[in-house]
Amino acid sequence: LPEQEAFDIEYWLLEEAKLQRMPKPKPMVGKVALVTGGAGGIGQAIAKRILADGGCVVLADIDAEALASVGAELSKAHGKDHVRGVACDVTSEASVIAAFDKAALEFGGVDILVSNAGIASAAPLEDTTLELWNRNQSILATGYFLVGREGFRQMKAQGTGGSIVMIASKNGMVASNQATAYCAAKAAEIQLSRSFALEGAPLGIRSNVVNPDAVIRGSKIWTGKWSEERAAANKIDEGDLEAFYRERSMLKRSVFPEDIAEASYFFAAEHLSAKSTGNILNVDAGNLAAFTR
Ligand code: NAD
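In case it helps, UniProt numbering puts the sequence shown at residues 411 to 703.
Here it is as structure tokens:
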């Protein structure tokens, strides 16, 4: 009998070792995510993260050229059956509805919505023209409302719950004397997410926010005028912006698109965050926790 026992143990150890070597199931298989601003820096990183775990992605973006090239790159890496692109202006109700129609037609619906398309604009209160104010509200607050509402409707109609992830900003939590309209619009996105969480809860639809601090590398926002203005406002060279934000942060670390993608993935994935809704995750290297500068 001891011999038999030893044999049994050896047998099960070998079986266990075999299991460890087997490829793990990918948690996003069968899931479809629509990512607005999917041709931009953060949106693209989020799409890649979901694709890497077996999901399908619809990239929705106003920039048709960037959409074509990012779509081609992601299709090449993850298979063309997993990636679709749709030209979409988030300020237009018809365009947003058409994007969700495309997701339904191509993949049968949407399980995850990442509302991310956006802009950055700098101006203190007195320099904020009505035009600048309206532009911020229209792309950010209204855009997130339209996209969120259509995603919500589609998830409700499917009857299988879902996850909405809103990429807002540190500036939705605190004011900045360099971006009055942007701060107000980002705060609106955060409050919208709470409404989606409240109304979605009985339907199994969750809604959460990821707040990035400055994500410089990879972001198209941080090219051209915006970058120039941030450098001038902080009296440094444009090339030193990333180091400037890093040194100013509590952790002394830069935030990258991939960091925002990981945080977004957490809220997107049912197996990780089934019990989180109406929440906010700041990916800010500690900046919102204390006044450090
Ligand atoms: P990005 O410019 O690289 O990407 C934004 C994408 O949104 C672009 O591809 C652009 O074409 C698209 N877009 C703009 N207007 C649109 C519209 N009307 N309809 C559809 N698509 C539109 O910028 P990013 O850094 O990836 O920013 C993504 C989100 O993260 C934005 O909402 C931004 O406000 C937020 N954010 C960024 C930072 C940062 O420092 N990069 C910090 C905090 C928050």
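From the three backbone atoms N, C-alpha and C, an ideal C-beta is built for every residue, glycine too.
Would you say the beta carbon of residue i comes nearer than 7 Å to a heavy atom of ligand 1?
i: residue 549; result: yes
i: residue 635; result: no
i: residue 579; result: yes
i: residue 472; result: yes
i: residue 486; result: no
i: residue 496; result: no
i: residue 566; result: no
i: residue 441; result: no
i: residue 618; result: no
i: residue 446; result: yes
i: residue 463; result: no
i: residue 450; result: yes
i: residue 529; result: yes
Could you give the distance in angstroms between the alpha-carbon of residue i and the alpha-carbon of residue j?
i: residue 504; j: residue 535; result: 32 Å
i: residue 564; j: residue 589; result: 34 Å
i: residue 498; j: residue 549; result: 12 Å
i: residue 671; j: residue 459; result: 6 Å
i: residue 471; j: residue 698; result: 30 Å
i: residue 493; j: residue 630; result: 22 Å
i: residue 694; j: residue 501; result: 28 Å
i: residue 607; j: residue 681; result: 18 Å
i: residue 636; j: residue 625; result: 13 Å
i: residue 496; j: residue 480; result: 12 Å
i: residue 441; j: residue 518; result: 10 Å
i: residue 528; j: residue 512; result: 21 Å
i: residue 579; j: residue 621; result: 4 Å
i: residue 431; j: residue 425; result: 10 Å
The alpha helix (DSSP H) with residue i in it runs from where to where?
i: residue 459; result: 451-462
i: residue 447; result: First-last for residue 447: undefined, no H or E at that position.
i: residue 511; result: 503-517
i: residue 682; result: 680-683
i: residue 591; result: 590-610
i: residue 585; result: No alpha helix (DSSP H) holds residue 585; DSSP gives it neither H nor E.
i: residue 621; result: First-last for residue 621: 615-622, but that is the beta strand (DSSP E), not the alpha helix (DSSP H).
i: residue 572; result: No alpha helix (DSSP H) holds residue 572; the beta strand (DSSP E) holding it covers 572-577.
i: residue 549; result: No alpha helix (DSSP H) holds residue 549; DSSP gives it neither H nor E.
Let's test the definition: count the other Cβ atoms within 10 Å of the Cβ of residue i and tell me whether it reaches 16, buried, or not, exposed.
i: residue 687; result: buried
i: residue 570; result: exposed
i: residue 667; result: buried
i: residue 521; result: buried
i: residue 623; result: buried
i: residue 446; result: buried
i: residue 685; result: exposed
i: residue 537; result: exposed
i: residue 692; result: buried
i: residue 562; result: buried
i: residue 418; result: exposed
i: residue 575; result: buried
Spatial neighbours of residue i within its chain, please: C-beta separation below 6 Å, excluding the five flanking residues on both sides.
i: residue 789; result: No answer is possible for residue 789: it lies beyond the span of the chain, which begins at 411 and ends at 703.
i: residue 557; result: 446, 500, 506 and 525
i: residue 676; result: 682 and 683
i: residue 598; result: 551
i: residue 595; result: 546, 547, 550 and 551
Beta-carbon within less than 7 Å of residue i's beta-carbon, same chain only, minus the 5 sequence neighbours each way: which residues are those?
i: residue 755; result: A query on residue 755 cannot be resolved here, the shown segment of the chain reaching from 411 to 703 and no further.
Between which residues of its own chain and residue i is the CB-CB distance below 8 Å, once the five residues before and five after are set aside?
i: residue 507; result: 560
Tell me where the beta strand (DSSP E) around residue i begins and ends.
i: residue 659; result: It is not in any beta strand (DSSP E) - residue 659 carries neither H nor E in the DSSP assignment.
Taking 7 Å as the cut-off, does the CB of residue i come closer than this to any heavy atom belonging to ligand 2?
i: residue 631; result: Looking for ligand 2 in the displayed structure turns up nothing; the ligands present are ligand 1.
Report yes or no: is there a C-beta of chain B within less than 8 Å of the C-beta of residue i?
i: residue 482; result: Going by chain labels, chain B is absent from the structure shown, which holds only one protein chain.
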